[in-house]
Structures are given as C-alpha cells and as structure tokens.
Amino acid sequence: MFKNPDFSSLGLGTQSPTSRDAWLAELQKETGKSFEDLYNTTME
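Residue numbering for the sequence shown follows full-length UniProt numbering, beginning at 1 and increasing consecutively.
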C-alpha cells in the first residue's frame with residue numbers, strides 16, 4: 001500500500017539572506033541565462 005513520505009524531519013539547511021540583485025547574478029552565473037530568458041512566458 002502506498003504511504004505518503006514523512007517530510008517533517010527533512011532539513012532545509014541554512015541560507016544567508018541575500019538581495020534580489022545578488023540572487024539574479026547568481027542565477028545568471030549558474031544557468032548562463034537571465035531571469036527573463038528563463039521565466040518569461042508568452043502565449044506563443
């Protein structure tokens with residue numbers, strides 16, 4: 001029988017606060033694409 005996983009003990013680690021600009025720069029560095037290239041969606 002299927003049993004739902006227990007996520008209550010899953011650690012999320014620690015993250016230091018960062019600015020949006022720093023986050024966007026890290027995203028571009030890791031993916032090679034800008035936020036707009038990755039997440040801008042159109043009806044086309």
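Ideal Cβ positions, reconstructed from N, Cα and C, are used throughout, including at glycine. Since the structure is predicted, the reported quantities are computational estimates derived from the model, not experimental observations.
Neighbourhood of residue i by C-beta, 7 Å cutoff - its chain only, sequence neighbours within 5 removed
i   : result
L24 : F35
K28 : Contrary to the premise, residue 28 reads as Gln rather than Lys in this sequence. Closer than 7 Å at the Cβ level, and outside the excluded window around Q28, lie S34.
S9  : none
Residue i (DSSP reduced to helix, strand or coil)
i   : result
K33 : coil
D6  : coil
Neighbourhood of residue i by C-beta, 8 Å cutoff - its chain only, sequence neighbours within 5 removed
i  : result
P5 : none
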